[in-house]
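Novice:
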Amino acid sequence: MKAVISVIGNDRVGILAMTSTLCASRSVNILEVAQTILDGTFSMTMIVDMNAMTVPFDVFASEMEELGLQQALIIRVMNQEIFNAMHSI
Numbered sequence: 189m190k191a192v193i194s195v196i197g198n199d200r201v202g203i204l205a206m207t208s209t210l211c212a213s214r215s216v217n218i219l220e221v222a223q224t225i226l227d228g229t230f231s232m233t234m235i236v237d238m239n240a241m242t243v244p245f246d247v248f249a250s251e252m253e254e255l256g257l258q259q260a261l262i263i264r265v266m267n268q269e270i271f272n273a274m275h276s277i
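Heads up, the working numbering is the position in the sequence shown plus 188, with the first residue counted as 1.
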């Protein structure tokens, strides 16, 4: 299964590193990354492969959300099929 991870918050050093470290610790493979910084606001979208993930999807999504709360970021994880369905007409 593929998923979309979105991260938004004030720009600072280490956001990509923190997010990718949690992915690696759960055997989530990062396939694509797009990021931008607009007037000090960091925005990143990752496409990840979760086929080898070592925890259930909801646990990983909660861990990412908790990381976001600890770091004053908004981090969301969504199944790519659901994401695509939400963004198509």
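Where is the CB? At the ideal position from N, CA and C, for every residue including glycine. Note that the structure is a prediction, hence the values are computed from the model and not measured.
1. Which class does ASP237 belong to by DSSP, given the choice of helix, strand or coil?
2. Can you tell which of PHE248, VAL247, GLU269, VAL221 has its C-alpha closest to the C-alpha of ILE203?
3. Straight-line CA distance for ASN239 to THR224?
4. Assuming SER215 contacts THR242 (C-beta within less than 8 Å), just tell me the rounded distance between them.
5. Hey, would you say GLN268 sits closer than 7 Å to VAL192, going by beta carbons?
Specialist: On the basis of the supplied data:
1. Taking the sequence shown and counting its residues from 1, the one referred to as residue 237 is at position 49. It is a strand residue.
2. As a first step, residue 203 must be located in the sequence shown, where it is residue number 15. Nearest C-alpha to ILE203: VAL221.
3. Within the sequence shown, the letter at position 51 stands for residue 239. Within the sequence shown, the letter at position 36 stands for residue 224. In a straight line, the C-alpha of ASN239 is about 27 Å away from that of THR224.
4. Within the sequence shown, the letter at position 27 stands for residue 215. Within the sequence shown, the letter at position 54 stands for residue 242. With a Cβ gap of about 5 Å, SER215 and THR242 count as contacting.
5. To locate residue 268, count along the sequence shown from 1; it is residue 80. To locate residue 192, count along the sequence shown from 1; it is residue 4. Yes, these two residues count as a Cβ contact at 7 Å.
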